[in-house]
Structure formats: structure tokens, C-alpha cells
Amino acid sequence: MSQPPPSPQAEVRRIDGPGLRKLAYYGSVYSPEWFKRSLPPVVAALSFALVAERRRAAVRNLERVLGVDRWTAHWAALRMYSEFAYCTSEAMETFSPRPKPLCIERPRQDAVLDALREGRGVVVVTGHIGSWDIAAKTLREADCRVHVVMSREMDAATQAFVAAARERAGVQVVLSDASVFSSLALIRALQRNEIVAIQLDRSAGAGGVRTLPFLGASAAFPSGPFVLARLAGSPVIPVFAPRLGARHYRIHIGEPVLVPRAARDPHQLDRVMRMVIAQLEQIVRRYPWQWFQFTPFWPESPAAAQADVEQRHRALP
């Protein structure tokens with residue numbers, strides 16, 4: 003009798019359990035430089051071969067992003083896995099007790115610091131582009147208190163290991179599936195003129211979702227960042243940190259978007275969200291191999307899109 007294929011969760015645990023995560027950490031921090039430069043593509047190729055569901059999802063996503071056939075998207079996805087391995091290794095090294103210097107290109111005009119000078123806090127929306135860990139740490143090094151809302155890891159031990167590394171660097175971690183009291187704490191953080199960073203390309207967790215156009219098709223985006231911004235009176239600013247080379251990153255800070263009180267209305271909320279999603283779309287087009295999406299981002303059909311949104315709403319606490 004043939005064995006059923008492993009679930010996506012089982013696939014992820016196969017290559018990203020706590021033991022392997024710690025091994026990757028120690029290799030990224032303590033191994034010689036030649037090893038750090040040569041190992042990530044090897045790890046990427048092995049992961050690409052082992053996780054069939056995530057590989058197929060990455061290929062489908064890149065077909066749309068690049069507008070290419072499946073075979074071309076297959077090789078693009080392998081390159082994406084390699085970029086992800088380098089970004090992950092360098093982020094682990096950066097959050098360690100033995101960080102190597104990073105070359106970080108910053109914009110001349112920093113809309114985040116400008117907004118903080120006005121004393122209203124900032125909702126930073128980011129995505130899995132380059133290293134959002136390094137983007138958060140860069141904000142923290144600018145003497146800004148940063149709260150990062152992130153999805154829970156599949157394994158509790160892995161979750162504790164990852165959160166501890168980020169908090170040692172001064173980045174406070176808030177789980178996206180936490181209680182409503184966490185949302186109240188985030189509003190208070192914004193009112194204290196702090197930064198709340200939330201991933202725009204992950205729609206799971208507390209808060210609603212809206213289905214909006216993205217790269218030519220409808221996709222689900224979280225409305226939570228915009229609701230927080232409206233309640234706290236804070237601007238929403240996109241921030242991304244694509245990788246340009248070995249320990250070399252560029253901080254992209256987008257245009258601030260204000261969320262009016264009228265955004266209680268779904269149509270007004272959609273209008274505001276589209277302004278920010280358009281900026282995400284621009285950065286994905288510019289760095290397609292660094293948009294690290296390993297699950298299907300677009301449902302197969304409009305009916306599937308609606309069913310996906312309804313399922314997410316039912317899963318909310």
C-alpha cells in the first residue's frame with residue numbers, strides 16, 4: 003500500500019525543527035567565512051528537493067510575479083530558496099553575540115523618523131522580502147522601540163528559540179494569534195510613540211482580512227495594521243530590506259499613508275489598503291527572487307478566494 007504524501011506541516015518540520023534551527027544558528031555564527039558563503043546554496047537545494055508542497059507553491063507564485071512558464075519559474079524558485087538561505091543565515095549572525103558588520107544603505111529621507119518626531123507612533127508594514135529581521139533591528143538601532151507582530155512557529159521549542167534571539171537584540175515579539183489584549187497593548191505602544199511592525203503578506207492571525215487586487219489577481223491581506231493605525235492615529239509606512247549582496251542590504255521606506263476615521267467603512271478601508279498594497283507590488287516586481295512566499299498566495303479561482311476568506315474569519319478567536 004502506498005504511503006500518503008506528507009502534510010505541508012510535516013514537510014516544514016522535516017527541515018525546520020528546533021534542532022536543525024539551532025544547528026543553522028551555530029553554523030551561521032561560529033563557522034569559518036568560506037563555510038558561511040558556500041553552505042546556504044547547498045541547504046537551499048536540499049530544502050527545495052525535500053519540501054514538495056512548498057516548492058510547488060513557490061513556483062506557482064513566481065509564475066504570476068514574473069509572467070513566465072512553469073519551467074522558468076521552477077528555476078526562479080530555486081534561486082529564491084538560495085536567497086532565502088543567505089538572508090536567514092545573515093539574520094541569525096546579526097542577532098548573535100558575534101555579529102559581523104553589515105553594509106546597510108539607508109534613504110536620505112526617513113519617513114519613519116519624521117513620523118516619530120510628530121509623536122504619533124508608526125505602524126510599519128513589511129513583508130517577506132529580503133530580511134525583515136534586519137529591517138526591524140535597523141529601526142531598533144535608530145533608538146526606536148519596536149514591536150514585531152509575527153506568526154507562531156509550528157514547533158513551540160523553535161518559537162521560543164527564535165523569539166529569544168530577537169528579544170536579545172531589543173526587538174519585542176508579539177504573536178499574531180494572541181488575544182485581543184495584545185491588540186490593546188499595541189495601541190498603547192503606538193500612543194507612546196513607538197513602532198509596531200506587521201507583515202502585510204501574511205493574512206493569518208487575529209484581525210480581519212480583505213480580498214484586494216495584487217499583481218493582476220485577488221489576494222487576501224490583513225486589515226489589522228490599518229485598524230490599529232486608525233485607532234491610534236498613526237501613519238502606515240511600508241519598510242522593506244532587500245539583500246544586495248553578502249551582508250549588504252538596502253532599506254526601502256515607502257510613502258506614509260494616513261488612515262482616516264472614515265475607514266470604518268469597508269470601501270474606504272479598501273481604498274487606503276490599496277495605496278499601501280501598490281507599494282508592496284512595486285517592491286515585489288523589483289526583487290521577485292526575494293519575495294519569500296512558500297505557500298500559495300493567490301487562490302485558484304474567485305470562488306476559492308471567497309472560501310479562503312470565510313475560512314480565515316471562522317478561524318479567528
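The number in the working numbering is simply the position in the sequence shown, starting from 1, with 2 added.
Note that the Cβ used here is the ideal one computed from N, Cα and C, for glycine as well.
Quantities reported herein were computed from a predicted structural model and do not represent experimental measurements.
How many angstroms separate the CA atom of Arg273 from the CA atom of Gly69? One C-alpha to the other measures close to 26 Å.
Measuring only the C-alpha atoms, how far is Pro301 from Ala59? Using only the alpha carbons, I get a separation of about 11 Å.
Please determine if the stretch 226-233 and the stretch 256-268 are in contact, where contact requires at least 3 C-beta pairs separated by less than 8 Å. Three or more beta-carbon pairs drawn from the stretch 226-233 and the stretch 256-268 are found closer than 8 Å, and the two stretches are therefore classed as touching.
Figure out for me which residue from Val31, Thr213, Val229 has the closest Cα to the Cα of Arg100. Closest option to Arg100, Cα to Cα, is Val31.
Considering only residues of the same chain and omitting the five flanking positions on each side of Pro298, which have a CB-CB separation below 8 Å? Same-chain partners within the cutoff: Ala59, Arg62, Asn63.
Quick check: the stretch 207-225 against the stretch 129-136, are there 3 or more CB pairs under 8 Å? Taking a contact to require three or more Cβ pairs closer than 8 Å, the stretch 207-225 and the stretch 129-136 do not qualify as touching.
Across the stretch 118-129 and the stretch 198-205, are there enough close Cβ pairs to call them in contact, namely three or more that are closer than 8 Å? Yes, the stretch 118-129 is in contact with the stretch 198-205.
Assuming Leu217 and Arg81 form a contact by the criterion Cβ under 8 Å, report the distance between their Cβ atoms to the nearest whole angstrom. Leu217 to Arg81, Cβ: 19 Å. No contact.
Please identify the residue among Leu48, Ser33, Cys105, Phe97 whose C-alpha is closest to the C-alpha of Tyr251. The option with the nearest alpha carbon to Tyr251 is Cys105.
Can you say whether His269 is buried or exposed, counting buried as having 16 or more other CB atoms within 10 angstroms of its CB? Flag for His269 reads exposed.
Per-residue DSSP class, three states only, for Glu107: Glu107 falls in the strand class under three-state DSSP.
Using 8 Å for Cβ pairs, my map puts Cys146 next to Ile197. What's the rounded Cβ distance? Indeed, because the Cβ distance is near 5 Å, the residues count as touching under 8 Å.
Could you spell out the range, first to last residue, of the alpha helix (DSSP H) harbouring Phe50? Note, Phe50: alpha helix (DSSP H), 35-52.
In the structure shown, what three-state DSSP assignment does Phe299 receive? In the structure shown, the three-state DSSP call for Phe299 is coil.
Extent of the continuous beta strand (DSSP E) run through Pro215: 211-216 is the extent of the beta strand (DSSP E) around Pro215.
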